[in-house]
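Each remark here refers to the structure printed beneath this line.
2 protein chains.
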Amino acid sequence: MKILEVKTGKPYKILIEGGLLTEVPEDLKKLNLGYRYALISDSQVAELLGEDLLCLLKEAGLSAELFIFPAGEASKNMDTVVSLAREMIRAGFDRKCAVIALGGGVTGDLAGFLASIYLRGVPYVQIPTSLLAQVDSSVGGKTGVDLPEGKNLLGTFYQPWRVYIDYGVLSTLPFEHLKNGLAEVAKYGCISSPELFEFLEQNSQKLLNYDAESLEHIIYESCRIKAEVVSRDEKEGGLRRILNFGHTLGHAIEAAANYQILHGLCVSIGMVAAALLSEKLGVAEEKISPRLVKLLEALGLPTRIPQELETEEILSFLRADKKVWKGKLIFVLLKKLGIPVFYEEPPKELLKEIVEELKAK
Amino acid sequence: MKILEVKTGKPYKILIEGGLLTEVPEDLKKLNLGYRYALISDSQVAELLGEDLLCLLKEAGLSAELFIFPAGEASKNMDTVVSLAREMIRAGFDRKCAVIALGGGVTGDLAGFLASIYLRGVPYVQIPTSLLAQVDSSVGGKTGVDLPEGKNLLGTFYQPWRVYIDYGVLSTLPFEHLKNGLAEVAKYGCISSPELFEFLEQNSQKLLNYDAESLEHIIYESCRIKAEVVSRDEKEGGLRRILNFGHTLGHAIEAAANYQILHGLCVSIGMVAAALLSEKLGVAEEKISPRLVKLLEALGLPTRIPQELETEEILSFLRADKKVWKGKLIFVLLKKLGIPVFYEEPPKELLKEIVEELKAK
Chain A
1 MKILEVKTGK PYKILIEGGL LTEVPEDLKK LNLGYRYALI SDSQVAELLG EDLLCLLKEA
61 GLSAELFIFP AGEASKNMDT VVSLAREMIR AGFDRKCAVI ALGGGVTGDL AGFLASIYLR
121 GVPYVQIPTS LLAQVDSSVG GKTGVDLPEG KNLLGTFYQP WRVYIDYGVL STLPFEHLKN
181 GLAEVAKYGC ISSPELFEFL EQNSQKLLNY DAESLEHIIY ESCRIKAEVV SRDEKEGGLR
241 RILNFGHTLG HAIEAAANYQ ILHGLCVSIG MVAAALLSEK LGVAEEKISP RLVKLLEALG
301 LPTRIPQELE TEEILSFLRA DKKVWKGKLI FVLLKKLGIP VFYEEPPKEL LKEIVEELKA
361 K
Chain B
1 MKILEVKTGK PYKILIEGGL LTEVPEDLKK LNLGYRYALI SDSQVAELLG EDLLCLLKEA
61 GLSAELFIFP AGEASKNMDT VVSLAREMIR AGFDRKCAVI ALGGGVTGDL AGFLASIYLR
121 GVPYVQIPTS LLAQVDSSVG GKTGVDLPEG KNLLGTFYQP WRVYIDYGVL STLPFEHLKN
181 GLAEVAKYGC ISSPELFEFL EQNSQKLLNY DAESLEHIIY ESCRIKAEVV SRDEKEGGLR
241 RILNFGHTLG HAIEAAANYQ ILHGLCVSIG MVAAALLSEK LGVAEEKISP RLVKLLEALG
301 LPTRIPQELE TEEILSFLRA DKKVWKGKLI FVLLKKLGIP VFYEEPPKEL LKEIVEELKA
361 K
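Next up, the structure:
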C-alpha cells in the first residue's frame, strides 16, 4: 500500500492499493468520524460496488445506509443535493454522522458538497472509483454542483478526512474511463514531472492493460504533484491554476460538444492546443507538441478537435470560462516539459488559427 | 461609533452607529473586497433601504447591482439561493465580486450562504436591519437555508468580512420586531451578564422608545458576549450551545405555532420555561423566574404559551430539534443569573408539567 499525506489546512491521508475496498470498514472504525455513515453513490456504482460496500460496513458492525442518485453529470445539481439531504434528515442522520462518497468525479463533488453543508458540515471520506477521480478529485478539496449557466458554479472548499483509492475497481468500468484518467496523468507530467511523462511513454501498453504496479505508481505520483501544488495555494489564488493546463480550451471543447465527449479526452486535445500555443508564442524553449501528441496517441487519446464542432462556438465558450479573471483570459503554457507559465490574453486570431489547425484533416 | 473586533479564525470588525448606512460606501472602498458588489435584499427591505444604498454605492463610484428575493421565511430555501446565483452569473459576477447582505435574519443567513458557495466562496459583508439580526446574526458566522423537514438544515460556517449595524433603521420596521430583538438581548443577560440584565430592567421604557444611546449599549454588549462565546467554540462543539438558552422549548413553540409567532417572542416564553426547569430540578441556586418574567413583561414580551397550542405537539417538536445530540435532549439551564449549565434529558413528565403550567390561565 502507498500512503500519501496531504498537508492542507486539515491534513489527511490518501491510501492507495488494489483491493483496498475490503479494508475500508476497519480503517473507518479507527478513524471514528461518526456513529453512522451515509454511503452516497450513483445508480450505476451503487449496483457495481455500493451494495457490496454496504454489506462490508454492516458486517464490520458499523451503522450505514445507502443513498442513491441517478448516474450522470445531469444529476450534478442542487436538486440532487437537496433531495439526498432530505432523505438523510428523514432517516435521522444528525451532526454526528459521516458521509462516504463512493463513485466518480460527479459523486465526489456532489457528496463532498453535501457533506460540507449538511447541518453546516459533517466529516466525509472519498472512495473515488474512476481513474480520473482518483488522480484529480482526491486532492484539492473542491466540491460543487453545476448550474444551467455552467459547471461547478456553486460549491465549497472542503477537505475529505481520508481518501481510499482502490485501483482494482478500475477494470469494472468501461475502457474509455481509463483513458479519460490517463489524460489527467499526462497533464501532471507536463506541468511538473518529466519523469512521470517518461514513465507514461515507457509504460503506455501496461497501463492500458490495467497493470497494477504501473497504476499504483502513476496514481501516487499524480496525487503527490497535485497535493504539492494545492498545499501551496489552497484556495486557488494563483499557482494552483497551473492545474488548468489543457483545461482552458479543453473545457470550451467539452461545452461546444455539449458534454458528449469525456472530460479527459477534451483535456487531451486542450493540452495539444496549449503546447502549440506555447510554441507559436515563443514561450516554449523546445518543441513539445510532437512528443506530447505521440504520448497521447500511445495512450489512445484524441489529439484533434472533432470537425463537427464550430470554431466560433468553441472560441465563445473560452470567454465564458470561469478562468476569465477580472475579465482576462489566462492560459497555462509550457516553457519546457515540467515548467508551466501563465500567459494573459493570447491573440484571438492565434487561438482561432490553432483551433482550425486542430480541426483540419 | 462603537467598534467590536471579533476574533474568529478570520477576524473582522462590527461597526455600530446610528446613521451608519451612509458611511458604508466609503468604508467598503477602504476594505477593497472586490471590484463589484452584489447587494442582496428581500422585497421589503429593498424598497425601504436597498434602493437608497444602491444609489449611495454608485454615487461613491462603486459598481453595484441589486438582487431581490421575496420577503419572508418561506424564501429561505435552496431555490432562492440557486435563483439569486443564476442571476448573478448572468450579470457577469465573477470570483472577484463581493456580496452585501442587507436585511433581517433571513437575508443574512441566505446571502451569507450564497456568498459561501458562490464560485466556491466570495467575500461578504452584513448590514443587519432588524434588532434580532443585529444582536444575533452579526456574530457566529452561521449561514443557511431551511428544508421542508426543518430550519437551517443546510448551511455553512462563514464569517463576514465586516458587519455594519445602523440602529437608526430600526424605527422603519414594525414595533414587534424591536421586541423580537429585545428577547435575545435579555438572553445574553441571562447566560452571561447580570449587568446587562439590570440595564434592561432600568431602561426598558427608553429601549421601547428607540433611545439611541440605550440601543447602542445593548447591541454592543450582546455582540460582545456572543463574540466571546463563539471565539471559544467556533464550530459549535460545546460551549457555544449556551446560546441556545430559551431556544430549545422556544423552537418547539415556534414550530408548533407553524412559525406564525416571531422567533424572539417564542424564545421569551422558552426562557421562562428554562428558568422554571432550573428551579424545579434544583439546578438554580436562587429564584430566577419571577425577576425574568417581570423584565420580559416590561419589555412587552410574552411569558406564557398560547392556549391553542397542543402540549403533545410542542413536546414532539422538542425531540425533532437539531439540539438532540447522539439522541440526547440537552437543555441550557441557569445556576444563577449569568451562570448557565447544560442539563441532559430532563424528565419528560417535568417538561410536560411546565408546558401545561405555562399554558394555564
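First to last, the sequence lines map onto chains A and B. According to the UniProt record's numbering, the stretch in the first sequence is residues 1 to 361, in order. According to the UniProt record's numbering, the stretch in the second sequence is residues 1 to 361, in order. Every residue, glycine too, gets a C-beta built ideally from N, C-alpha and C.
Residue closest to residue i, alpha-carbon to alpha-carbon, out of the options
i, options, result
"B:ASP233", "B:LYS151, B:ILE3 and B:GLY9", "B:GLY9"
"A:HIS251", "A:ALA273, A:GLY238 and A:LEU292", "A:ALA273"
"B:SER83", "A:GLY141, A:LEU309 and A:ASP79", "A:ASP79"
"B:TYR259", "B:LEU296, B:ILE314, B:GLY300 and B:ILE14", "B:ILE314"
"B:GLU221", "B:PRO306, B:SER138, B:PRO70 and B:LYS328", "B:SER138"
"B:VAL125", "B:VAL355, B:LEU309, B:LEU329 and B:ARG36", "B:ARG36"
"B:LYS336", "B:LEU276, B:PRO346 and B:GLU312", "B:LEU276"
"B:ILE100", "B:LEU66, B:VAL81, B:SER192 and B:ARG120", "B:LEU66"
"B:PRO70", "B:HIS263, B:ARG319 and B:ASP42", "B:ASP42"
"B:LEU358", "B:ILE330, B:SER316, B:LEU239 and B:SER289", "B:SER289"
"B:ARG120", "A:ILE127, A:ASP109 and A:TYR118", "A:ASP109"
"B:PHE317", "B:GLY300, B:ALA255 and B:ARG291", "B:ALA255"
"A:VAL230", "A:VAL293, A:ARG162 and A:GLY141", "A:GLY141"
"A:ALA227", "A:PRO174, A:GLN159 and A:ARG291", "A:GLN159"
"B:ILE88", "B:GLU176, B:ALA360, B:HIS177 and B:ILE40", "For the sequence presented, residue 88 of chain B should be read as Met rather than Ile. Cα-wise, what sits closest to B:MET88 is B:ILE40."
"A:TYR210", "A:GLU286, A:LYS30 and A:HIS177", "A:HIS177"
Contact check, residue i vs residue j, beta carbons under 8 Å
i, j, result
"A:GLY144", "A:PHE113", "yes"
"B:LEU182", "B:LEU131", "yes"
"B:THR129", "B:LEU49", "yes"
"B:CYS190", "B:PHE199", "no"
"A:PRO123", "A:GLY338", "no"
"B:TYR188", "B:ILE225", "yes"
"B:ILE242", "B:PRO340", "yes"
"B:VAL6", "B:ILE16", "no"
"B:LEU262", "B:ASN180", "yes"
"B:CYS223", "B:VAL355", "no"
"A:LEU296", "A:SER278", "no"
"B:VAL104", "B:ALA74", "Note that residue 104 of chain B corresponds to Gly in the displayed sequence, not to Val. Result no, Cβ atoms of B:GLY104 and B:ALA74 do not sit closer than 8 Å."
"B:LEU54", "B:ALA38", "no"
"B:VAL332", "B:ASN244", "yes"
"B:ALA284", "B:LEU350", "no"
"B:ARG86", "A:PRO148", "yes"
"B:LEU292", "B:TYR164", "no"
Contacts that residue i makes with chain B (C-beta to C-beta distance below 8 Å)
i, result
"A:VAL82", "MET78, LEU147 and LEU154"
"A:PHE157", "ARG120 and GLY121"
"A:ALA85", "LEU147, LEU153 and LEU154"
Start-to-end residues for the alpha helix (DSSP H) that takes in residue i
i, result
"A:GLN205", "194 to 208"
"A:LEU337", "Per DSSP, A:LEU337 belongs to no alpha helix (DSSP H) and is neither H nor E."
"A:PRO128", "Note, A:PRO128: premise wrong, no alpha helix (DSSP H); beta strand (DSSP E) at 124 to 128."
"B:ARG319", "311 to 320"
"A:ILE117", "105 to 117"
"A:ILE354", "348 to 359"
"A:VAL135", "131 to 136"
Endpoints, the beta strand (DSSP E) within which residue i is located
i, result
"A:TYR220", "Looking at the DSSP string, A:TYR220 is not in any beta strand (DSSP E); the run it does join, the alpha helix (DSSP H), is 212 to 231."
"A:VAL145", "142 to 147"
"B:LYS151", "150 to 157"
"A:ILE16", "12 to 16"
"B:ILE269", "First-last for B:ILE269: 263 to 280, but that is the alpha helix (DSSP H), not the beta strand (DSSP E)."
"B:LEU4", "2 to 6"
Chain-ordered neighbours of residue i on chain B, where CB pairs are closer than 9 Å
i, result
"A:LYS142", "ARG120"
"A:ARG90", "GLU149"
Partners in chain B for residue i, counting only beta-carbon separations shorter than 7 Å
i, result
"A:ILE117", "LEU154, GLY155 and THR156"
As assigned by DSSP and simplified to three states, the class of residue i
i, result
"A:ARG162", "strand"
"B:THR22", "helix"
"A:ALA255", "helix"
"B:ASP94", "coil"
"B:ASN244", "helix"
"A:ALA64", "strand"
"A:SER41", "strand"
"A:GLU47", "helix"
"A:LEU299", "coil"
"A:VAL139", "coil"
"B:ARG36", "strand"
"B:LYS287", "coil"
"A:LYS76", "coil"
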